[in-house]
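Protein chains: 2
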Amino acid sequence: MHDLISSLFIKNFSDSEIPDQTDSAIVSLDPGKIAFTTDSFVVDPIFFPGGDIGKLAVCGTVNDIAVSGATPVYLSASFILEEGLPFLDLERVVKSMAEEAKRAGVRIVTGDTKVVNRGKCDKIFITTTGIGSIAEANENIGKGSGIKPGDKIIVNGSLGDHGMAVMSAREDLGISSNIVSDCASLNHLIARALAASDHIKFMRDATRGGLATVLSELVSGKNFGIEIRESELLVRENVRGFCELLGFDPLYVANEGKVVMVVASEDAERVVNAMKQDEFGIDSRIIGEITSDHFGKAWMATRIGGKRIIDMLAGEQLPRIC
Amino acid sequence: MHDLISSLFIKNFSDSEIPDQTDSAIVSLDPGKIAFTTDSFVVDPIFFPGGDIGKLAVCGTVNDIAVSGATPVYLSASFILEEGLPFLDLERVVKSMAEEAKRAGVRIVTGDTKVVNRGKCDKIFITTTGIGSIAEANENIGKGSGIKPGDKIIVNGSLGDHGMAVMSAREDLGISSNIVSDCASLNHLIARALAASDHIKFMRDATRGGLATVLSELVSGKNFGIEIRESELLVRENVRGFCELLGFDPLYVANEGKVVMVVASEDAERVVNAMKQDEFGIDSRIIGEITSDHFGKAWMATRIGGKRIIDMLAGEQLPRIC
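Here the protein sequences come in this chain order: D and X.
First residue of the first sequence? That's 1 in the working numbering, and the numbers climb one at a time after it.
First residue of the second sequence? That's 1001 in the working numbering, and the numbers climb one at a time after it.
Structure (structure tokens):
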């Protein structure tokens, strides 16, 4: 089994600079600072419409690096496998990671595998860590400095697809749907946006907790407010229906291919147009703006002409959605 | 619970350059290449004499960076927690990580936490990833280039302590011992060795599979051989006894604070003396040398005057020892 796993990794991550998994990879980056991030993925089920735990583990970490304003270059991948995991499942996951890494233009250069007894983990957990180079001008994008009233809020498309795709794939719910996860590496899309404007002031991928969580964290304790328009939010019909059925608000549901940006007003249209050129940005749109009133709060102008506050999610997140 | 965890991490990893766990850390390294490595830790039990899963997760990754010839600087730490894990256990693990990071002089700058349902993992799994800077002169140390007959093999002390400490801590065995894990960050020790010689040709930490695995991997397919002397190997009495009881060979048992080096003959004594100045190198010694005969094989001259071949471990490794 150990040999099978080794040969599987070596075959699929053949880009590796090092043949031996016990070594550190020795790699080069452009001069300057480094973006460094890690995430563990425990999604259940490991295969879902639009992706699998392997693709997700690559996209998630690529996106965390990219939204910090950096260019993701190298990934590590560490696997915790449950004894008895079918080899074909592992192979499918590893191939999916290799394909997604290729698509994103990143290299998986080092890794580890641990096997635990049956019942001591759930099939497969993957932790990916990414490093990337960051231009000096972009070092503060992850922090969101320099945001001011009038700046526009941009999202690259529909909301809630990932979370509802995973929920609908859970056998125990006994419901089927045609919802597909939006799981995607956004680094090329983000590079287009950064090329279109020097005034992208903030980026964050809207994963756990969804758009609402990104907006309420962004505005918390700040001397500005946020107002978004419900009419500008794209929620697919099947996602909306499934959310209603299960009692979820799509604003709070995890996405895995959506970035929220704050961009200077004068550049916002140009950034949206640049994003629309990318396959993952076709539905990009301005959904609202930074306001000079109701400091520290995010509001939504509803379709029926009202206003509602967007709070942090009070209850528990959906478990094992990523 | 989520808030408790966040505050625990922020309090203990206060060295963090970033307050927000969802961000990438933006960090600096010396110019030049980067060493990059990852490991998942699933040790059972999570507390054992001489350490715990947190200390191990720091030491293991620090050592993987250090034996590649690099200086470990930053770590990421990603946690998979089983619902119901006592908060005090988590706190103890996190404090232990913070202490060990401080001792090693590395900073834990980014992380992630996932919680899975009870029974879907075993208490706590930790994946650490490390980055470090590497001087050009040291870039090939992990690969072991330039090794030639006469070069000396050095180990910094006793063998088998970690594996047997963990085994003896397993309640289901019902055996107690006074064995203590050698779990330690070796980066300062290795820095002393590198300062003492420009002719350290290879380093590897003797973890899973023990000293025997390091030597047999090093020699495999090469046009040199290895001969070590059993009389030079240090195995503590309690470790030897416990190994005999359970039917293990200490040469194959995991260490977590032992480095194997190949050093040019003329520098070997100087390197050993430098290592002895370090708290984790007091028992450093030359255990054998590279030979010009029996290509591709590692041999041991036994105490009773015989010779025995050191093969790769044929069976399974001890499970969940790290």
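Ideal placement from N, C-alpha and C gives every residue a C-beta, glycine not left out.
Computed from a predicted model, the values in this text were never measured in an experiment.
Residue i: contacting residues in chain X (beta-carbon distance under 9 angstroms)
i, result
"E256/D", "Simply none; closest approach about 14 angstroms."
Cut-off 7 angstroms between Cβ atoms - residues of its own chain near residue i, not counting five sequence neighbours on either side
i, result
"K95/D", "N12"
"V219/D", "G225, I226, G296, K297 and A298"
"E1091/X", "L1008"
"S40/D", "F125 and T127"
"A165/D", "F48, P49, G50, I179, V180 and S181"
"S328/D", "A query on residue 328/D cannot be resolved here, the shown segment of chain D reaching from 1 to 322 and no further."
Residue-level contact to chain D via CB, residue i, 8 angstroms cutoff
i, result
"P1045/X", "no"
"T1071/X", "no"
"C1059/X", "no"
"S1145/X", "no"
"T1110/X", "yes"
"I1134/X", "yes"
"L1008/X", "no"
6 angstroms Cβ shell around residue i - same chain, five flanking residues per side excluded
i, result
"M1312/X", "S1216"
"Y991/X", "Lying before the first or after the last residue shown, residue 991/X is absent from chain X, which here runs from 1001 to 1322."
"F1079/X", "T1113 and I1126"
"M1097/X", "G1054 and V1058"
"K152/D", "V263, S265, A268, I286 and E289"
"L251/D", "G210, L211 and A212"
"F1036/X", "I1131"
"D44/D", "R320"
CB contact check: residue i to chain X, cutoff 8 angstroms
i, result
"Y252/D", "no"
"S185/D", "no"
Proximal chain D residues relative to residue i, where beta-carbon distance stays under 8 angstroms
i, result
"S1076/X", "F36, T37, T38 and T129"
Contacts of residue i in chain X (Cβ-Cβ under 8 angstroms)
i, result
"D293/D", "The contacting residues do not exist; D293/D stays about 25 angstroms from chain X at best."
Interface residues of chain D facing residue i [CB-CB closer than 9 angstroms]
i, result
"C1121/X", "V42, I80, V116, K120, C121, D122 and F125"
"S1068/X", "D23, S24, A25 and I26"
Beta-carbon proximity list for residue i, same chain, < 8 angstroms, skipping 5 on both sides
i, result
"Q1021/X", "Bear in mind that a pLDDT of 48 at Q1021/X, under 50, signals an unreliable position, so the model cannot answer this."
"V1272/X", "I1154, S1284, R1285 and I1286"
"A1104/X", "V1058, C1059, V1062, P1072, S1185, N1187 and H1188"
"L1194/X", "G1069, N1138 and I1200"
"V1093/X", "I1046, D1052, I1053, G1054, I1124 and I1126"
"T1038/X", "T1061, T1127, T1128, T1129 and G1130"
"L1159/X", "A1206, G1210, L1211, L1233, L1234, V1235, V1239, P1250, L1251, V1253, N1255 and K1258"
"G84/D", "R118"
Amino acids of chain A, ordered along the chain, whose beta-carbon sits closer than 7 angstroms to that of residue i
i, result
"E1139/X", "In summary, chain A is missing from the structure at hand, where the protein chains are D and X."
Beta-carbon neighbours of residue i, restricted to chain X and to distances below 7 angstroms
i, result
"K33/D", "I1026, V1027 and S1028"
"D267/D", "Chain X residues near D267/D: none, gap ~23 angstroms exceeds 7 angstroms."
Interface partners of residue i on chain D, CB under 7 angstroms
i, result
"D996/X", "As shown, chain X starts at 1001 and ends at 1322. That puts residue 996/X outside it, with no answer to give."
Residue i: CB within 7 angstroms of a non-hydrogen atom of the ligand NAD
i, result
"S284/D", "The ligand content of the structure shown is nil, which means the ligand NAD is not present either."
Segment contact, 8 angstroms Cβ cut-off, at least three pairs: the segment 1155-1172 of chain X with the segment 45-65 of chain D
no
Taking 8 angstroms as the threshold, find out whether the segment 1195-1210 of chain X comes into contact with the segment 1257-1277 of chain X through three or more Cβ pairs.
yes
Please list the residues of the segment 141-170 of chain D that have a C-beta atom closer than 8 angstroms to any C-beta atom in chain X, keeping them in chain order.
G142 and K143
Spell out a yes or no on whether the segment 24-39 of chain D and the segment 227-237 of chain D are touching, meaning 3 or more CB-CB pairs, one atom from each, closer than 8 angstroms.
no
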